[in-house]
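Going by our numbering, the letters in the sequence shown line up with residues 131 to 458, in that order. Beta carbons: idealized from backbone N, C-alpha and C, even for Gly. Report on the structure given below.
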Amino acid sequence: MWSVRGFLWLVLLTFCLAGCAEPPALRTNSWRFVVVGDLHLSETRTTVANQLVAAMRGDDPSLVLITGDLVEGGSLTADQIQGQLDTFLEVMAPLTGDGIPVYPVRGNREAGMTDGVRLWNAAFSGIAALPANGPEGETGLTYAVARHNALFIGLDAYVNRRRVNQAWLDVQLAANVRPHVFVFAHPAAFKSSHADILDDFPEDRNALWRSLSAAGARLYFCGHDHFFDLTRIDDGDGDPGNDVFQVVTGTGGAWIVSSFDFDGPNEPYTPVPLLHGAEFGYLLVEISGTGDLDREVLLTWKKRVVDPFSGAVTFVPALRFRYTASPS
């Protein structure tokens, strides 16, 4: 079920029904990446994730971001947990086999595992190793990676529970020279459903949000809540052009939740919801080109549709959202 709350922010929003045409590329030299989270994989729960991966390959992304809760986790033995992480790598193998890197961050499912950091680092080693440029004590958990004209920053929120390493992040943002900055973590910064998120420490959350806005970042990707949600976080300065959007992408295979409400400690910000969807799916993000002046960004939310007669699964555009990045 989809609900839309209209709003203009110097951008074009275009909503379409299932089965509408694929959104046009911004330019012939545009490039794309994909975002999804909350796969909750186990050895027996792979169906939706496999369908997602097959659809993603057709979009030819330059990289894939996974916003946590890769696996189901729980009270398992180390061998069982390692088996689930191996399942994640196997499900992602068609992408990585195509030369498409996959960049995950931990969710609460991974953070809650006994000996979870060791098991995470064991799984993401060798050819599956994640960038090792994070802060001390967070190697392979928090990291930055540059691709084309964008900087991607994955933040772990569980070494220091429900906080991120702001000092390290500030250094990365200050050194960045690329026009696009995309930050991703597992917990939301502003409550949309789960209460165990970054707003447990509002001052730290607000410091994070100010730093993103000042650096020209416009999108904060997260998961944890099992739905899709696109919300502008109004900072109250009268200039919506410097507001950051929270994009919840927890639709990778875990049970879907339909209810949501931004009733957490939001001050001094005001969440302005734009679209909410209780569907499996993923987000495709397209950048207009690879140069410093290529600042157009097109977001396409693709939801899963199952043909009632044949059972065929497709992922169709349900939302298009366009904005132009401005210098920080």
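- Task: Only counting runs of 3 or more residues, tell me where the beta strand (DSSP E) segments fall wholly within the segment 413-448, in order along the chain.
- Result: 426-436
- Message: Please classify P398 as buried or exposed, where buried requires at least 16 other C-beta atoms within 10 Å of its C-beta.
- Response: exposed
- Which residues bound the beta strand (DSSP E) around P403? 400-407
- Message: Please identify the residue among L360, F331, V313 whose C-alpha is closest to the C-alpha of S343.
- Response: Per the Cα distances, V313.
- Message: Please list the terminal residues of the continuous beta strand (DSSP E) segment that includes P234.
- Response: 232-234
- Message: Given this structure, state the Cα-to-Cα distance separating R135 from G371, to the nearest angstrom.
- Response: Note on R135: pLDDT 34, under 50, position unreliable in the model; the coordinate value appears next. Rounded to the nearest angstrom, the two C-alpha atoms are 19 angstroms apart.
- Query: Rounded to a whole number of angstroms, what is the C-alpha to C-alpha distance between P224 and F218?
  - Reply: 11 angstroms
- Report yes if the C-beta distance between T379 and L413 is below 8 angstroms; otherwise report no. yes
- Pairing CB atoms from the segment 358-373 with CB atoms from the segment 384-404, are three or more of them under 8 angstroms? yes
- Integer-rounded CB distance, given that K321 should sit under 8 angstroms from G394: 3 angstroms
- Task: For the alpha helix (DSSP H) holding T381, just list the boundary residues, first then last.
- Result: Per DSSP, T381 belongs to no alpha helix (DSSP H) and is neither H nor E.
- Message: Buried or exposed for T92, going by 16 or more other Cβ atoms inside 10 Å?
- Response: Coverage of the chain is limited to positions 131 through 458, which leaves residue 92 absent and any answer about it impossible.
- Message: Could you compute how far the alpha carbon of G246 sits from the alpha carbon of P438?
- Response: 41 angstroms
- Query: From this set, N238, Q376, W161, which residue's C-alpha is nearest R292's C-alpha?
  - Reply: N238
- Message: Please tell me whether V166 and Y233 are closer than 8 angstroms, where the distance is taken between their beta carbons.
- Response: no
- Message: If I measure Cβ to Cβ from D359 and keep anything under 6 angstroms in the same chain, skipping five residues before and after, which residues do I get?
- Response: S322, V378, H406
- Do three or more CB pairs link the segment 280-295 to the segment 200-219 at distances below 8 angstroms? no
- Message: Can you give me the C-alpha to C-alpha distance between A262 and S255, rounded to a whole angstrom?
- Response: 10 angstroms
- Query: Among residues of its own chain, excluding the 5 on either side of V443, which ones have a beta-carbon nearer than 6 angstroms to its beta-carbon?
  - Reply: Q181, V436
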